[in-house]
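In terms of this note's numbering, the sequence shown is residues 211 to 934. This report concerns only the one structure given below.
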Amino acid sequence: MRPVKYLLETIFLFSLLFFTTAATTSPNSQNPTFTKEIEKTLLKRFSEQAVFGKYIDRAKAWPVVVHDETVGYVFETSSQVEIPAYSGKPVNLAVAISSDGTFKYAWVIEHHEPILLVGIPEQKLQDFAQQYVGNKVSDKIRVSASVSDNEIAVDAVTGATVTVIVVNETIMRASHEVAVALGIVKPKAEDSLPPSKVKLNVFSRASWNELTGNGTIRRLHLTRGNIDKAFVNTQASDVDVAAPQEKSDSFIDLYYTYLNPPTSGKNLLGESEYQWLMKMLKPGEHAVALMANGRYSFRGNGFVRGGIFDRIGITQKGDDISFRDLDYYRLLDIYPEGRPDFEEMAIYIIRDHFDFDPGLSWDLNLLVRRQVGPIESVFINFSGTYLTPENYIERPSAEEIEAARPLPLWVSIWYEKAFQLGVLISSLILLFSIIFLQNWLVTYPKFFHNIRRIYLVYTVAFIGWYGLGQLSVVNVLTFVQALFQDFRWELFLMDPMLFIIWTFTAATILLWGRGIFCGWLCPFGALQELINEAARKLKIKQFELRFSVHERLWALKYLILLLLFGVSLESMSSAERLAEVEPFKTSILLFFQREWWFVLYAVALLFVSIFTRKVYCRYICPLGAALAIPTKLRLFDWLKRRPECGQPCQLCAKECEIQAIHPDGSINANECHHCLDCQVTYTNENRCPPLVIAKKKGKKLKRKIGDKVGAQESIEIKEISESV
211 MRPVKYLLET IFLFSLLFFT TAATTSPNSQ NPTFTKEIEK TLLKRFSEQA VFGKYIDRAK
271 AWPVVVHDET VGYVFETSSQ VEIPAYSGKP VNLAVAISSD GTFKYAWVIE HHEPILLVGI
331 PEQKLQDFAQ QYVGNKVSDK IRVSASVSDN EIAVDAVTGA TVTVIVVNET IMRASHEVAV
391 ALGIVKPKAE DSLPPSKVKL NVFSRASWNE LTGNGTIRRL HLTRGNIDKA FVNTQASDVD
451 VAAPQEKSDS FIDLYYTYLN PPTSGKNLLG ESEYQWLMKM LKPGEHAVAL MANGRYSFRG
511 NGFVRGGIFD RIGITQKGDD ISFRDLDYYR LLDIYPEGRP DFEEMAIYII RDHFDFDPGL
571 SWDLNLLVRR QVGPIESVFI NFSGTYLTPE NYIERPSAEE IEAARPLPLW VSIWYEKAFQ
631 LGVLISSLIL LFSIIFLQNW LVTYPKFFHN IRRIYLVYTV AFIGWYGLGQ LSVVNVLTFV
691 QALFQDFRWE LFLMDPMLFI IWTFTAATIL LWGRGIFCGW LCPFGALQEL INEAARKLKI
751 KQFELRFSVH ERLWALKYLI LLLLFGVSLE SMSSAERLAE VEPFKTSILL FFQREWWFVL
811 YAVALLFVSI FTRKVYCRYI CPLGAALAIP TKLRLFDWLK RRPECGQPCQ LCAKECEIQA
871 IHPDGSINAN ECHHCLDCQV TYTNENRCPP LVIAKKKGKK LKRKIGDKVG AQESIEIKEI
931 SESV
């Protein structure tokens, strides 16, 4: 039997050590790269009392918390998107948004732009980023002095146009990613659609007039009069103004098309050039052709190798697509019958990371610049829309659309927390096994107490500080309120750790009572118990109240629960503030990173635990009171008692860590934490007085469970002369 015992002990200890150490070996947060000074500035945009909460993995962002209420989020754009700027490297910004998606702050924390390293002051770029403050993530923001009614304009930085175009794209795309992940904005309908496919077997010979007539080739024609009108009411309104007779002159006559469909690609490029283009394109890449005449070049005179084209770009699904030098190919000739001659032609490649969809419309953007001073310019954006002809593409089937439909947010959260949930569920199965096998385990006191200590450490470290799985009376009040209002499971499924623990707690309450949660799964309760056990090891004197006083103090936590419940019926926010009687947020969820008075309260309760066990749990905890109410409905009572318990024996009552055993020997299930210490004593024939007396008299008391406890595990027996 002894080898089996040691084998089981080894398995249990290694399992629990794995669960405990997993909390420290698995990453659960990201450290920001911005400085403490920037951090303070970000937080002050919300409140002087604002602090960062726990890093949210799914959104790659830090919540901003004020008085335990999340008021916004801070993130780095490089954790969301990496869009190369002029230098070929992305610009990284720290961005703060409110809970409703309003920009609160944006600050460049890293860049490698040569134009800003020499020449243009870096503050210019910081000033550009500040233009987003007050706007929303859902807004359409464009670098231009004049935009359409549904767009918002931000001023460019002269000499760094390429950089600010990329910064605009970076801020907007990164913010959208965060807002969708947090549920601040709904994902765009087109984002969830699988892309359409080009019908590569559809081709018909067509002339230039036919291609422009059926929409294969589109035109953006701007006269000098159009340009002058666009710059009215800007600083550049009197710069390079056309004479009256020049108003109708062409500023730029730009034609553009999507080259992937054979009808457009082969007719323009010819068979051999089209085949070359298709072989050169990687999966997910697309090509567009631009052809233009006029005094304005879409390519631009300032473009250099290694840079970005600052005059043209594409917008689809609200995202901007920019082109670098490696995306550019000269187009020397086109072949449709009746084609005009063009002064400037080019092919641009849309790379796969832009997730371009040929089945959706897109805008070709042309940025026009007028210089108003030695270093100052004004920019206006002009756009033309393109939609691929329907017979060139194959749209996704209903089955493909359904398969690509985004998962509900709560499902995504469960997937992201797969590791934590796997560890949690495994540990709950282990706890269920411990309770189910309790009658056998308590016959090995040393082994059982080691299991319990390690499990309590796991509860504090993994469930509490790592998984933030501390239940609260606020959860109870929220659930009750939801039952009488708009009950939705999604509300509770958003936090899988809490949902699983609540489900397990509800099941064990119906089976055995509240003690399983309060004695094994409550992080704050476990922390109190571990502190008290350490104090006992150090021989610190312990104090206990007389049972008559102790019994009356039980009622205090029920009164607190009734008060919170009554307040919640009038105002849930007021009830949440009063629920600060729970020190859980301070000690477990925020790890003492709060105002000093909250920390003092939590530390005081833990300090008292040095001298007596679980004072908070016994007399104050409204959550414990809420869980005790349905304990009356429990199906089983596996805690064994003998006729001698209470009369005359008081050993278990004296040793009970929370005084849940009455002087008459009965166990109050509403107060019991299921630590099983009384069951360890109950089965120990060298400690339990009735068993000791029977052994002394030479009578062998019939036992149904376990073996005899060895002499090395026996504990000195002290006779109790009077009741406690």
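Heads up, the beta-carbon is just placed ideally off N, CA and C, and yes, glycines get one too. Here the structure is a predicted model, which is why all the values come from computation and not from measurement.
Helix, strand or coil at residue i [DSSP, three-state]
i      : result
Trp848 : coil
Glu292 : coil
Tyr768 : helix
Gly523 : strand
Lys912 : Below a pLDDT of 50, predicted positions are generally treated as unreliable, and Lys912, at 46, falls in that range; the measurement from the model is reported next regardless. Coil.
Ile603 : strand
Phe552 : coil
Thr595 : strand
Cys947 : Missing from the structure shown is residue 947; the chain here goes from 211 to 934 and no further.
Glu610 : helix
Ala339 : helix
Ser933 : Because Ser933 carries a pLDDT of 36, less than 50, the predicted location of this residue cannot be relied on, and no value is offered for it.
Ser783 : helix
Ile544 : coil
Pro454 : helix
Ser239 : Note on Ser239: pLDDT 46, under 50, position unreliable in the model; no value is reported.
Ala921 : Note that Ala921 scores 42 on pLDDT, short of 50, meaning its location in the model is unreliable and no value can be drawn from it.
Val347 : coil
Lys749 : coil
Ser482 : helix
Trp730 : helix
Ile710 : helix
Phe697 : coil
Beta-bridge pairing of residue i - partner residues as DSSP gives them
i      : result
Gln581 : Ser587
His496 : Ile560
Tyr654 : Note: Tyr654 sits in no beta bridge, so no partner.
Arg352 : Ala363
Cβ-Cβ distance between residue i and residue j below 8 Å
i      : j      : result
Asp535 : Gly517 : yes
Pro900 : Cys859 : yes
Leu469 : Ile522 : no
Lys795 : Glu739 : no
Leu631 : Trp620 : no
Leu634 : Gly674 : no
Val367 : Ala339 : no
Thr287 : Val276 : no
Leu837 : Phe727 : yes
Arg561 : Glu604 : no
His322 : Lys346 : no
Tyr539 : Ile524 : no
Glu703 : Met782 : Glu is not the amino acid found at residue 703; the sequence shown has Leu there. No; because the gap between Cβ atoms is not below 8 Å, this pair is not in contact.
Leu708 : Gly679 : yes
Asp520 : Ile375 : yes
Pro405 : Tyr602 : no
Nearest candidate by alpha-carbon position, reference residue i, set the options
i      : options                        : result
Ser682 : Leu779, Ser385, Cys831         : Cys831
Trp722 : Phe709, Lys824, Pro840         : Pro840
Glu483 : Leu703, Leu541, Phe338         : Leu541
Leu430 : Pro404, Leu464, Cys888, Met555 : Leu464
Leu731 : Ala692, Phe642, Asp874         : Phe642
Ile462 : Phe533, Val578, Met382, Ile394 : Val578
Glu554 : Tyr466, Asp520, Glu379, Pro568 : Tyr466
Phe646 : Ile903, Arg828, Phe846         : Phe846
Asp310 : Pro294, Thr380, Ser289, Val281 : Val281
Arg851 : Ile903, Gln889, Ser571         : Gln889
First through last residue of the alpha helix (DSSP H) which encompasses residue i
i      : result
Met704 : Looking at the DSSP string, Met704 is not in any alpha helix (DSSP H), and its letter there is neither H nor E.
Trp418 : 418 to 423
Thr373 : 371 to 392
Val902 : 899 to 906
Leu303 : Premise fails: Leu303 lies in the beta strand (DSSP E), 302 to 308, not in any alpha helix (DSSP H).
Asp887 : 887 to 892
Ile645 : 628 to 646
Tyr829 : 825 to 829
Ala836 : 832 to 838
is_contact[residue i, chain C] using C-beta, thresh 8 Å
i      : result
Ile557 : Considering every chain present, this structure includes no chain C. It has just one protein chain.
Range covered by the beta strand (DSSP E) that runs through residue i
i      : result
Trp272 : 272 to 276
Asp463 : 460 to 468
Leu430 : 427 to 433
Phe413 : Careful: Phe413 lies outside any beta strand (DSSP E) and carries neither H nor E.
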